[in-house]
Amino acid sequence: MTAAVPDAAERPGRRPVTLAERLSHTGDLLFRWRSYLPLALVPLLAAGVLGAPPPFRSRAGELAWKLGCAVIAAAGLALRMYTVGTAARGTSGRNTRAQKAESLNTTGPYSVVRHPLYLANYVIALGLSLVPRAWFVPIILSLAAALYYERIAVHEEEYLEAKFGPDFRAWAAGVPAFVPAVRRFRPAARSFSWKTALVREHYAIFEVTTLLFLLDLAERARRDGRLTLDPLWTSLFALGAVVFVTLQVLKKRTRLFRRPRPEPPSTTS
């Protein structure tokens, strides 16, 4: 197995020179700060609310549009949950200091696209960006996401190729980076784990329900000149908050989500 290549930022006295090295170096920096991406989305959504076209003539039309946006965001959440719920341990994590992969995922979502989590993040953000109905928001988001995730993917694939060599190259040769090849789907090698999916994705669930609630609240304030609560989006926010708090308590106060320690080797013959 080939040893991992150190990041350009970690090579003493060496600055990235080639375009590939620059992309990888930038991707390493963005990888370390990727957990703050939702914060960068907030001002763009706020600009969308301020620049939104006139409201729908009917409440039914407004509700249908927002529900459609919520379904798109939910599809992204579902892809994230399926990915982390079937991924091998030690992969597809939220680590930010350095790349980490104890094995190479090639089945399930990874059989149709090389970066399912980044695709899922984009789908979630796209659903949210469509809520204000401001044409420039999804366009800016899509351009920014393309630049952002391309660089992270370059850095990640450099690491995977160095670690897994021919196995990675054989898999990458037949699987697209971001546009899914659905016909290539192969069932995940590991069974889906609800525990893993919920404990790792309840942050994302809460973030999405909160942003949907805040977007509706902001649009109502802009339209009516005062803060009014919609029962549907308020209930969705409350549900997301309950799920988040409940899972946080269960994670910290119980053993429900703790991984069992490996048993020591037997000393009997």
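Note that the numbering used here has the sequence shown beginning at 820, numbered continuously upward.
Every residue gets a Cβ at the ideal spot worked out from N, C-alpha and C, and that includes glycine.
The model shown is predicted, which means the values in this text are computed figures rather than measured ones.
In this structure, the beta-carbon distance from Thr902 to Ala1008 does not fall below 8 angstroms. Rounded to whole angstroms, the gap between the alpha carbons of Leu849 and Val998 is 21 angstroms. Fewer than three pairs of CB atoms, one per stretch, sit closer than 8 angstroms, so the region 981-992 makes no contact with the region 886-903.
Contact check for Val956 and Leu1033: beta-carbon distance about 15 angstroms, past the 8 angstroms limit, so the pair fails to qualify. Between Val932 and Leu842, the beta carbon gap of about 20 angstroms keeps them out of contact (Cβ cut-off 8 angstroms). The C-beta distance from Glu921 to Thr905 rounds to 15 angstroms, too long to fall under 8 angstroms, and the pair is not in contact. Taking each of Trp990, Ala893, Gly1059, Phe1011 in turn and checking the Cα distance to Phe1025, the smallest one comes out for Gly1059.
One thing to note: Lys885 has its Cβ within 8 angstroms of the Cβ of Asp1035. In this structure, the beta-carbon distance from Cys888 to Leu960 does not fall below 8 angstroms. Classified as exposed, Leu962 has fewer than 16 neighbouring CB atoms from the shown chains inside 10 Å of its CB. For Gly927, the beta-bridge partners assigned by DSSP are Arg1005. In the three-state scheme derived from DSSP, where H, G and I count as helix and E and B as strand, His934 is classed as coil. Of all alpha-carbon atoms in Trp1052, Thr1028, Tyr1022, the one lying nearest the alpha-carbon of Lys1070 is that of Tyr1022.
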